[in-house]
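Enquirer: Quick one: this structure, given as C-alpha coordinates, is what I'll be asking you about.
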Amino acid sequence: MKKVIKLAVAFTGLLLWGSTQAQEKKVELENSLLWEISGNGLTEPSYLYGTMHMMCEADFMIKEKVKNAIENTDKLALELDFDDPTELMAMQSMTTSTKPLSERLNKEDYAALNNFLQTKLGVKASQFENYTLIGIMSVVMFKSLNCPPKMYEVEFMQQAMANKKEILGLEKVEAQVAGFSESYTNEEFIEQLKYYDTSYFDEMVSIYKEENLNGLYEMIIDEKFMDADAKTIMLDNRNKNWVAVMPELMRVQPVFFAVGAGHLPGENGVINLLRNAGYSVKPVLK
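If you want it as C-alpha coordinates, here you go:
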(Lines of atoms letter the chains of each structure in order from A and count residues from 1; the text may use other names and numbers.)
(Lines give C-alpha, C1' and ligand atoms only; values in the text may rest on other atoms or scores of the structure.)
Protein backbone atom coordinates (compact mmCIF):
# COMPACT_ATOMS: atom_id res chain seq x y z
CA MET A 1 0.00 0.00 0.00
CA LYS A 2 2.90 2.40 0.67
CA LYS A 3 4.06 1.91 -2.92
CA VAL A 4 0.54 2.65 -4.17
CA ILE A 5 0.46 5.89 -2.16
CA LYS A 6 3.83 7.01 -3.53
CA LEU A 7 2.76 6.33 -7.10
CA ALA A 8 -0.58 8.02 -6.56
CA VAL A 9 1.23 11.11 -5.30
CA ALA A 10 3.47 10.97 -8.35
CA PHE A 11 0.45 11.14 -10.61
CA THR A 12 -1.25 13.93 -8.70
CA GLY A 13 0.25 16.48 -11.07
CA LEU A 14 -1.37 14.83 -14.05
CA LEU A 15 -4.72 14.59 -12.36
CA LEU A 16 -4.84 18.14 -11.04
CA TRP A 17 -4.16 20.03 -14.21
CA GLY A 18 -7.01 21.77 -15.87
CA SER A 19 -7.63 24.12 -18.63
CA THR A 20 -7.86 26.93 -21.13
CA GLN A 21 -8.49 30.26 -22.72
CA ALA A 22 -11.24 28.90 -24.96
CA GLN A 23 -14.79 30.13 -24.42
CA GLU A 24 -17.46 27.59 -23.55
CA LYS A 25 -21.07 27.60 -22.48
CA LYS A 26 -21.22 28.28 -18.76
CA VAL A 27 -22.92 25.55 -16.72
CA GLU A 28 -23.64 26.68 -13.15
CA LEU A 29 -23.74 23.90 -10.56
CA GLU A 30 -24.89 23.76 -6.95
CA ASN A 31 -22.21 23.60 -4.28
CA SER A 32 -21.66 19.87 -3.82
CA LEU A 33 -18.84 17.44 -4.46
CA LEU A 34 -21.23 14.46 -4.39
CA TRP A 35 -23.84 13.82 -7.12
CA GLU A 36 -26.47 11.11 -7.49
CA ILE A 37 -26.89 9.51 -10.93
CA SER A 38 -30.29 7.95 -11.65
CA GLY A 39 -32.86 7.39 -14.39
CA ASN A 40 -32.27 6.28 -17.98
CA GLY A 41 -32.96 2.64 -17.12
CA LEU A 42 -30.96 2.42 -13.89
CA THR A 43 -32.65 0.36 -11.18
CA GLU A 44 -30.40 1.78 -8.45
CA PRO A 45 -28.57 5.11 -8.26
CA SER A 46 -24.82 5.43 -8.67
CA TYR A 47 -22.76 8.31 -7.30
CA LEU A 48 -20.16 10.71 -8.67
CA TYR A 49 -17.67 12.37 -6.32
CA GLY A 50 -15.16 15.09 -7.15
CA THR A 51 -11.83 14.60 -5.42
CA MET A 52 -8.88 16.82 -4.73
CA HIS A 53 -6.18 14.29 -5.28
CA MET A 54 -3.81 15.49 -2.59
CA MET A 55 -4.21 17.72 0.47
CA CYS A 56 -2.90 18.09 4.00
CA GLU A 57 -4.21 15.61 6.54
CA ALA A 58 -5.57 18.47 8.69
CA ASP A 59 -7.85 19.55 5.81
CA PHE A 60 -8.95 16.06 4.81
CA MET A 61 -12.41 14.77 5.67
CA ILE A 62 -15.01 12.35 4.34
CA LYS A 63 -18.51 13.62 5.09
CA GLU A 64 -21.34 11.39 6.24
CA LYS A 65 -23.20 11.80 2.94
CA VAL A 66 -20.15 10.40 1.12
CA LYS A 67 -19.89 7.46 3.51
CA ASN A 68 -23.56 6.68 2.89
CA ALA A 69 -23.07 6.77 -0.87
CA ILE A 70 -20.10 4.43 -0.65
CA GLU A 71 -22.09 2.05 1.55
CA ASN A 72 -24.94 1.98 -0.97
CA THR A 73 -22.75 1.09 -3.96
CA ASP A 74 -21.10 -2.18 -4.93
CA LYS A 75 -18.06 -1.03 -6.92
CA LEU A 76 -15.48 1.75 -6.84
CA ALA A 77 -14.35 3.40 -10.08
CA LEU A 78 -11.35 5.77 -10.09
CA GLU A 79 -9.57 7.52 -12.94
CA LEU A 80 -6.87 4.86 -12.70
CA ASP A 81 -6.97 1.40 -11.16
CA PHE A 82 -4.34 1.59 -8.42
CA ASP A 83 -5.20 -2.00 -7.50
CA ASP A 84 -3.95 -3.37 -10.84
CA PRO A 85 -0.29 -4.58 -10.70
CA THR A 86 0.12 -3.88 -14.42
CA GLU A 87 -1.03 -0.30 -13.95
CA LEU A 88 1.30 0.13 -10.97
CA MET A 89 4.22 -0.95 -13.12
CA ALA A 90 3.15 1.49 -15.83
CA MET A 91 2.99 4.30 -13.26
CA GLN A 92 6.48 3.46 -12.08
CA SER A 93 7.86 3.55 -15.61
CA MET A 94 6.27 6.94 -16.25
CA THR A 95 7.98 8.60 -13.28
CA THR A 96 11.50 7.24 -13.72
CA SER A 97 13.82 6.72 -16.68
CA THR A 98 17.03 4.83 -17.40
CA LYS A 99 18.10 7.60 -19.79
CA PRO A 100 19.61 10.56 -17.89
CA LEU A 101 17.52 13.71 -17.70
CA SER A 102 20.42 15.72 -19.12
CA GLU A 103 20.19 13.65 -22.30
CA ARG A 104 16.41 13.86 -22.57
CA LEU A 105 16.26 17.66 -22.38
CA ASN A 106 17.99 20.17 -24.61
CA LYS A 107 20.51 22.52 -23.00
CA GLU A 108 18.06 25.42 -22.69
CA ASP A 109 15.33 23.36 -21.03
CA TYR A 110 17.80 21.64 -18.70
CA ALA A 111 19.23 25.00 -17.65
CA ALA A 112 15.75 26.39 -17.02
CA LEU A 113 14.80 23.35 -14.93
CA ASN A 114 18.06 23.51 -13.00
CA ASN A 115 17.48 27.19 -12.21
CA PHE A 116 13.92 26.49 -11.06
CA LEU A 117 14.90 23.56 -8.82
CA GLN A 118 17.71 25.52 -7.21
CA THR A 119 15.39 28.45 -6.52
CA LYS A 120 12.40 26.37 -5.41
CA LEU A 121 13.96 23.40 -3.63
CA GLY A 122 17.61 24.33 -3.21
CA VAL A 123 18.75 21.32 -5.26
CA LYS A 124 20.30 20.83 -8.68
CA ALA A 125 18.73 19.09 -11.66
CA SER A 126 21.60 16.61 -11.57
CA GLN A 127 19.96 15.07 -8.49
CA PHE A 128 16.98 14.09 -10.65
CA GLU A 129 18.80 12.39 -13.52
CA ASN A 130 16.66 9.25 -13.27
CA TYR A 131 13.36 11.14 -12.93
CA THR A 132 10.93 12.04 -15.69
CA LEU A 133 9.41 15.52 -15.68
CA ILE A 134 6.25 13.96 -14.26
CA GLY A 135 8.29 12.50 -11.41
CA ILE A 136 9.91 15.88 -10.77
CA MET A 137 6.51 17.56 -10.77
CA SER A 138 5.30 15.20 -8.05
CA VAL A 139 8.25 16.18 -5.86
CA VAL A 140 7.61 19.89 -6.42
CA MET A 141 3.92 19.55 -5.57
CA PHE A 142 4.63 17.46 -2.49
CA LYS A 143 7.09 20.08 -1.24
CA SER A 144 4.56 22.84 -1.95
CA LEU A 145 2.05 21.16 0.36
CA ASN A 146 4.60 21.24 3.18
CA CYS A 147 2.70 18.57 5.12
CA PRO A 148 2.01 14.82 5.03
CA PRO A 149 -0.43 14.28 2.12
CA LYS A 150 -3.74 12.51 2.35
CA MET A 151 -5.51 11.26 -0.77
CA TYR A 152 -9.18 10.49 -1.38
CA GLU A 153 -8.36 7.86 -3.98
CA VAL A 154 -6.20 5.92 -1.54
CA GLU A 155 -8.77 6.20 1.27
CA PHE A 156 -11.60 5.05 -0.98
CA MET A 157 -9.50 2.20 -2.31
CA GLN A 158 -8.61 0.99 1.19
CA GLN A 159 -12.30 1.00 2.15
CA ALA A 160 -13.24 -0.89 -1.00
CA MET A 161 -10.57 -3.52 -0.38
CA ALA A 162 -11.68 -3.92 3.24
CA ASN A 163 -15.24 -4.55 2.05
CA LYS A 164 -14.12 -6.77 -0.85
CA LYS A 165 -15.58 -4.43 -3.46
CA GLU A 166 -14.26 -4.45 -7.02
CA ILE A 167 -12.02 -1.51 -7.97
CA LEU A 168 -12.10 -0.22 -11.55
CA GLY A 169 -10.18 2.32 -13.60
CA LEU A 170 -11.89 4.55 -16.16
CA GLU A 171 -8.70 4.85 -18.21
CA LYS A 172 -5.18 3.45 -18.52
CA VAL A 173 -1.97 5.13 -17.38
CA GLU A 174 -0.56 5.09 -20.91
CA ALA A 175 -3.56 6.98 -22.27
CA GLN A 176 -3.34 9.61 -19.55
CA VAL A 177 0.37 10.21 -20.01
CA ALA A 178 0.08 10.17 -23.82
CA GLY A 179 -2.47 12.95 -23.60
CA PHE A 180 -0.20 14.90 -21.32
CA SER A 181 2.74 14.52 -23.72
CA GLU A 182 0.58 15.73 -26.62
CA SER A 183 -0.44 18.80 -24.65
CA TYR A 184 2.90 20.18 -23.48
CA THR A 185 6.43 20.67 -24.73
CA ASN A 186 9.22 20.25 -22.18
CA GLU A 187 9.64 24.02 -22.15
CA GLU A 188 5.96 24.60 -21.38
CA PHE A 189 6.01 21.93 -18.69
CA ILE A 190 9.01 23.46 -16.91
CA GLU A 191 7.53 26.96 -17.17
CA GLN A 192 4.31 25.88 -15.46
CA LEU A 193 6.03 24.24 -12.50
CA LYS A 194 6.62 27.63 -10.92
CA TYR A 195 2.90 28.22 -10.43
CA TYR A 196 2.52 25.35 -7.98
CA ASP A 197 3.28 26.91 -4.61
CA THR A 198 1.78 26.90 -1.13
CA SER A 199 -0.56 29.83 -1.80
CA TYR A 200 -1.96 28.07 -4.89
CA PHE A 201 -2.81 24.94 -2.90
CA ASP A 202 -4.17 26.91 0.06
CA GLU A 203 -6.62 28.75 -2.19
CA MET A 204 -7.66 25.56 -3.95
CA VAL A 205 -8.25 23.71 -0.67
CA SER A 206 -10.34 26.59 0.68
CA ILE A 207 -12.63 26.52 -2.37
CA TYR A 208 -12.74 22.72 -2.33
CA LYS A 209 -13.85 22.58 1.31
CA GLU A 210 -16.76 24.87 0.38
CA GLU A 211 -17.70 22.23 -2.24
CA ASN A 212 -17.75 25.11 -4.72
CA LEU A 213 -17.30 23.36 -8.07
CA ASN A 214 -17.87 26.56 -10.03
CA GLY A 215 -15.15 28.42 -8.15
CA LEU A 216 -12.79 25.48 -8.36
CA TYR A 217 -13.33 25.18 -12.10
CA GLU A 218 -12.62 28.88 -12.63
CA MET A 219 -9.37 28.48 -10.75
CA ILE A 220 -8.06 25.46 -12.60
CA ILE A 221 -8.98 26.71 -16.08
CA ASP A 222 -6.65 29.67 -15.70
CA GLU A 223 -5.05 30.34 -19.09
CA LYS A 224 -1.53 30.03 -17.71
CA PHE A 225 -2.02 26.27 -17.41
CA MET A 226 -3.48 25.25 -20.79
CA ASP A 227 -4.39 26.39 -24.25
CA ALA A 228 -7.53 25.26 -26.07
CA ASP A 229 -5.91 22.20 -27.62
CA ALA A 230 -4.58 21.00 -24.28
CA LYS A 231 -8.01 21.41 -22.68
CA THR A 232 -9.57 19.31 -25.41
CA ILE A 233 -7.03 16.54 -24.84
CA MET A 234 -6.66 16.66 -21.06
CA LEU A 235 -10.22 17.42 -20.01
CA ASP A 236 -12.92 17.23 -22.67
CA ASN A 237 -11.82 14.07 -24.47
CA ARG A 238 -11.14 12.22 -21.24
CA ASN A 239 -14.53 13.22 -19.82
CA LYS A 240 -16.27 11.98 -22.97
CA ASN A 241 -14.34 8.70 -22.85
CA TRP A 242 -15.37 8.14 -19.23
CA VAL A 243 -19.03 8.93 -19.87
CA ALA A 244 -18.97 6.43 -22.74
CA VAL A 245 -18.05 3.56 -20.37
CA MET A 246 -19.96 4.61 -17.24
CA PRO A 247 -23.45 3.50 -18.42
CA GLU A 248 -22.52 -0.16 -18.77
CA LEU A 249 -20.84 -0.17 -15.34
CA MET A 250 -23.89 1.45 -13.69
CA ARG A 251 -26.34 -0.83 -15.49
CA VAL A 252 -24.88 -3.94 -13.85
CA GLN A 253 -24.36 -2.64 -10.29
CA PRO A 254 -24.40 0.73 -8.50
CA VAL A 255 -20.97 2.36 -8.68
CA PHE A 256 -19.20 5.04 -6.66
CA PHE A 257 -17.19 7.09 -9.18
CA ALA A 258 -14.39 9.25 -7.77
CA VAL A 259 -12.53 11.53 -10.19
CA GLY A 260 -10.79 14.88 -9.96
CA ALA A 261 -13.31 17.61 -9.10
CA GLY A 262 -12.18 19.67 -12.08
CA HIS A 263 -13.71 17.06 -14.39
CA LEU A 264 -17.25 17.54 -13.05
CA PRO A 265 -18.13 21.15 -14.08
CA GLY A 266 -18.22 22.77 -17.50
CA GLU A 267 -20.08 22.29 -20.76
CA ASN A 268 -18.03 19.16 -21.41
CA GLY A 269 -17.83 18.18 -17.75
CA VAL A 270 -18.94 14.74 -16.60
CA ILE A 271 -22.13 16.05 -14.97
CA ASN A 272 -23.37 17.87 -18.07
CA LEU A 273 -22.35 15.01 -20.37
CA LEU A 274 -24.29 12.51 -18.26
CA ARG A 275 -27.34 14.76 -18.31
CA ASN A 276 -27.06 15.06 -22.08
CA ALA A 277 -26.96 11.25 -22.22
CA GLY A 278 -30.35 11.09 -20.50
CA TYR A 279 -29.43 10.63 -16.84
CA SER A 280 -30.72 12.61 -13.90
CA VAL A 281 -27.68 13.99 -12.05
CA LYS A 282 -28.56 15.76 -8.80
CA PRO A 283 -26.40 17.22 -6.01
CA VAL A 284 -26.39 15.40 -2.68
CA LEU A 285 -26.42 18.29 -0.24
CA LYS A 286 -26.62 16.37 3.04
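Going letter by letter, the sequence shown gives residues -22 to -1, 1 to 264 in mature numbering (1 follows the signal peptide of the UniProt record, and there is no 0).
We treat Cβ as the ideally placed atom computed from N, Cα and C, and that holds for glycine.
For the candidate residues 179, 259 and 55, whose alpha-carbon lies nearest to that of residue 118?
Expert: 179
Enquirer: In angstroms, rounded to a whole number, what distance separates the CA positions of residue 11 and residue 125?
Expert: Rounded to whole angstroms, residue 11 to residue 125 spans 24 angstroms at the Cα level.
Enquirer: Taking buried to mean at least 16 other C-beta atoms within 10 Å of its own C-beta, is residue 156 buried or exposed?
Expert: exposed
Enquirer: Kindly identify the DSSP beta-bridge partner or partners of residue 237.
Expert: 28
Enquirer: Around the Cβ of residue -2, are there at least 16 other Cβ atoms within 10 angstroms (buried) or fewer (exposed)?
Expert: Because residue -2 carries a pLDDT of 39, less than 50, the predicted location of this residue cannot be relied on, and the following value inherits that uncertainty. Around the beta-carbon of residue -2, fewer than 16 other beta-carbon atoms lie within 10 Å, marking it exposed.
Enquirer: Comparing C-alpha positions only, which one of 206, 246, 208 and 202 sits nearest to residue 222?
Expert: 246
Enquirer: Might you give, ordered along the chain, the residues of its own chain that have their beta carbon closer than 6 angstroms to the beta carbon of residue 114, omitting 5 neighbours on each side?
Expert: Closer than 6 angstroms at Cβ, skipping near neighbours: 106.
Enquirer: Report the rounded CA-to-CA distance for residue 116 versus residue 54, giving the unit in angstroms.
Expert: 25 angstroms
Enquirer: For residue 19, which residues from the same chain have a beta carbon less than 6 angstroms from its beta carbon, with the 5 sequence-adjacent residues on both sides left out?
Expert: none
Enquirer: Report buried or exposed for residue 208, applying the criterion of at least 16 other Cβ atoms within 10 angstroms of its Cβ.
Expert: buried
Enquirer: In whole angstroms, what is the alpha-carbon distance linking residue 72 and residue 162?
Expert: Going by the C-alpha atoms only, they are around 15 angstroms apart.
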